[in-house]
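**Student:** Counting in the working numbering, the sequence shown runs from 26 upward without gaps.
We treat Cβ as the ideally placed atom computed from N, Cα and C, and that holds for glycine.
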Amino acid sequence: MSGSQSLFRSLWRALSKEVKEQVGTDQFGNKYYYVPEYKNWRGQTIREKRIVEAANQREVDYEVGNIPAEWEAWIRRTRKTPPTMEEILKNEKHREEIKIKSQDFYEKGKFLSKESNEELLAPPAETQIKGHASAPYFGKEEPSVAPTSTGKTFQPGSWMPQDGKRHNQ
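Next up, the structure:
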């Protein structure tokens, strides 16, 4: 920030009665401020503000994770009180433990799935099905091209039509 901008901001704070109090810092060097609700010089009520001054002043150098999740929650007003350094370090340690446990669980699951697949599953059977699934003879032997006849085995009068009822019903 240039010198003229900081001079203008300090002059603006003095005129607007904006009092910024430092609430804390994090392990990255970011500073967190709280500005309580106040009335400006025109009598308007300005609601409270929660501000972070990044240790790295350039926005292009900001990366996800440069602000701890606990401070992010305080800035976004999802928690009322600012976090303590002990709380941040405790949560960081807990997150690392969860990462290690999840990695172990993943590795164990891969090992068990290999074992169970080898022991429990039969090898796949090789099948050859000819024809198309919509064909009436799918999965059966294909009809031969040679004509067939029932002339030698047919008995006259052996077949009788049903008594007026449809066979499909």
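#1: In terms of DSSP beta bridges, what is G68 paired with?
#2: Tell me whether the beta-carbon of A94 lies closer than 8 Å to the beta-carbon of N55.
#3: What is the rounded straight-line gap between the Cα of W99 and the Cα of I125?
#4: Would you mind reading off the limits of the beta strand (DSSP E) that contains E78?
#5: Would you kindly work out how many angstroms separate the C-alpha atoms of H119 and I113, rounded to a whole number?
#6: Report the three-state DSSP secondary structure of Q128 (helix, strand or coil).
#7: Examine the ligand FMN and report whether any of its heavy atoms sits within less than 7 Å of the Cβ of Y59.
#8: Just tell me which of Q69, E97, T70 has its CA closest to the CA of G49.
#9: Taking the CB atoms as reference points, tell me whether I76 and Y63 lie closer together than 8 Å.
#10: For Y57 versus E46, is the C-beta spacing smaller than 8 Å?
#11: To the nearest angstrom, report how far apart E88 and Q69 are at their CA atoms.
#12: According to DSSP, E62 sits in a beta bridge with which residue or residues?
#13: Specify the secondary structure class of K45 as computed by DSSP and reduced to three states.
**Tutor:** With the structure as the only source:
#1: Position 43 of the sequence shown holds residue 68. The partner list for G68 (beta bridge, DSSP) is empty, contrary to what the question assumes.
#2: What you label residue 94 is simply residue 69 of the sequence shown in a count that begins at 1. What you label residue 55 is simply residue 30 of the sequence shown in a count that begins at 1. Cβ atoms of A94 and N55: not closer than 8 Å.
#3: Taking the first residue of the sequence shown as 1, we reach residue 99 at position 74. Taking the first residue of the sequence shown as 1, we reach residue 125 at position 100. Between W99 and I125, the C-alpha separation is close to 28 Å.
#4: Taking the sequence shown and counting its residues from 1, the one referred to as residue 78 is at position 53. Taken as a continuous stretch (DSSP letters only), the beta strand (DSSP E) holding E78 covers 74-78.
#5: By one-based count along the sequence shown, residue 119 stands at place 94. By one-based count along the sequence shown, residue 113 stands at place 88. H119 and I113: Cα-Cα distance of roughly 10 Å.
#6: In the sequence shown, the residue the question calls residue 128 occupies position 103. DSSP places Q128 in helix when its eight states are reduced to three.
#7: The ligand FMN is not among the ligands present in this structure, which contains no ligands whatsoever.
#8: Looking up residue 49 in the sequence shown gives position 24. Nearest C-alpha to G49: E97.
#9: By 1-based counting over the sequence shown, the position of residue 76 is 51. By 1-based counting over the sequence shown, the position of residue 63 is 38. In this structure, Y63 does not lie closer than 8 Å to I76 by Cβ.
#10: Taking the first residue of the sequence shown as position 1, residue 57 is located at position 32. Taking the first residue of the sequence shown as position 1, residue 46 is located at position 21. Against a cut-off of 8 Å, the Cβ pair of E46 and Y57 comes out as no contact.
#11: Here residue 88 refers to the residue found at position 63 of the sequence shown. Here residue 69 refers to the residue found at position 44 of the sequence shown. C-alpha separation (whole angstroms): 36 Å.
#12: The residue you call residue 62 lines up with position 37 of the sequence shown. Per DSSP, none; premise fails for E62.
#13: In the sequence shown, residue 45 corresponds to position 20, counting from 1. The answer is coil: DSSP assigns K45 none of H, G, I, E or B.
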